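Single-structure report; data block below.
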Amino acid sequence: AQYGPERTLLVSSAIHLRRSLLYFTHFGMTPIPVRADDLHATASPVPMAYNFALTDFALHEWIGIARHHVYNALGWNPARIHPGDA
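Taking UniProt numbering, the leading residue of the sequence shown gets 1, the next gets one more, and so forth.
Put into structure tokens, the structure is as follows:
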């Protein structure tokens, strides 16, 4: 008998969940995504540090997703593992 989880939960920040899922599925896992929080920008007539921080977080995630795709195209990521093979 082989031991393994029946289901895997991926708990992460909503802003980070998409990139996390991308990497988990690349390595053969099929987690159930669960967001731990949800960030929203605050409307303000003056610039707010909080909104700049959200922009930084979002750019970090988009660059990470783009990097994953570029690395795949260049063959720098390990080979993709299909679900069930991990």
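Glycine included, C-beta positions come from ideal geometry on N, C-alpha and C.
Predicted model, so just to flag it, every value in this text is computed and none were measured.
Check: Hey, could you find the ends of the alpha helix (DSSP H) L74 is sitting in?; Outcome: A49 to L74
Check: Of all the options G75, L10 and N77, which has the alpha carbon lying nearest to the alpha carbon of T30?; Outcome: L10
Check: Kindly confirm or deny that the region 36-51 and the region 61-78 touch, where touching means at least three C-beta pairs closer than 8 Å.; Outcome: no
Check: By DSSP's criteria, L22 is part of a beta bridge. Which residues make up the other side?; Outcome: Beta-bridge pairing links L22 to no other residue.
Check: For Y23 and N51, what's the separation of their Cα atoms in angstroms?; Outcome: 27 Å
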